[in-house]
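Residue numbers (this note's numbering): -1 to 177.
And the structure:
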C-alpha cells in the first residue's frame, strides 16, 4: 500500500520534500529490492524458505511502521532501503516454497495463481491505500505494517515449515549420482 504513494507522501504537505529527493528515496527502494532478492535467494538455500518468508514479513511489517514515524530525510532514505531489502528477500523464498509444495503437474498453475494474487494485491492495496492516504498518510504505514505481520502469523499457523531432506551425493568411479 505504501510504495505507490511514497512519492506523493514525500512531496506532499507533511514531508515537503523535493521531487529529486523523492526520486532518490525511490531509487534506494529499487537498489534495496535488487540486493534483497539476491540475499533472499542465498539465505533461502541456507536456512530454508519458511524462515525467510516468516522473518521478512515480521521485520518488513515493523519497518513499515517505523518508516511512517520518521521525519528525518536521511533516516527515511536508510529505512526505505532497509525495508525494500527485507521485503524483497521474501520473493525468492516464496518461489522456492511454491516449487516445493506444488506437484510437478500443477507447478505452472501454482506460479500463475501466485502471480494473480500479487497483481490483485497491488490493485486492491493501491485502491485501499489511496483511500487511507486521503485520510492520513501515517495510517497507511501502520496498516501496511500490520498486514505484513498478520501475513506472518497466518504463514506460521497455516503453513508449517517443510522438512527438506538433503540428497546424499555418492561417487562411483568418475560418475556422480544423487540418491
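Ideal placement from N, C-alpha and C gives every residue a C-beta, glycine not left out.
If I measure Cβ to Cβ from residue i and keep anything under 6 Å in the same chain, skipping five residues before and after, which residues do I get?
{"i": "residue 47", "result": "91, 94, 95"}
{"i": "residue 66", "result": "136, 139"}
Secondary structure at residue i, three-state DSSP: helix, strand or coil?
{"i": "residue 0", "result": "coil"}
{"i": "residue 40", "result": "helix"}
{"i": "residue 13", "result": "coil"}
{"i": "residue 46", "result": "coil"}
{"i": "residue 95", "result": "helix"}
{"i": "residue 124", "result": "helix"}
{"i": "residue 68", "result": "coil"}
{"i": "residue 85", "result": "helix"}
{"i": "residue 104", "result": "helix"}
{"i": "residue 134", "result": "coil"}
Let's test the definition: count the other Cβ atoms within 10 Å of the Cβ of residue i and tell me whether it reaches 16, buried, or not, exposed.
{"i": "residue 54", "result": "buried"}
{"i": "residue 99", "result": "exposed"}
{"i": "residue 142", "result": "buried"}
{"i": "residue 42", "result": "buried"}
{"i": "residue 133", "result": "exposed"}
{"i": "residue 130", "result": "buried"}
{"i": "residue 81", "result": "buried"}
{"i": "residue 23", "result": "buried"}
{"i": "residue 78", "result": "buried"}
{"i": "residue 125", "result": "exposed"}
{"i": "residue 83", "result": "buried"}
{"i": "residue 73", "result": "exposed"}
{"i": "residue 0", "result": "buried"}
Please list the terminal residues of the continuous alpha helix (DSSP H) segment that includes residue i.
{"i": "residue 159", "result": "No alpha helix (DSSP H) holds residue 159; DSSP gives it neither H nor E."}
With a CB to CB cut of under 7 Å and the five nearest residues on each side skipped, what residues in its chain are close to residue i?
{"i": "residue 146", "result": "55, 58, 59, 62"}
{"i": "residue 85", "result": "34, 54, 58"}
{"i": "residue 12", "result": "135"}
{"i": "residue 15", "result": "8, 9, 71"}
Which same chain residues, not among the five before or five after residue i, have their C-beta less than 8 Å away from its C-beta?
{"i": "residue 68", "result": "74, 77"}
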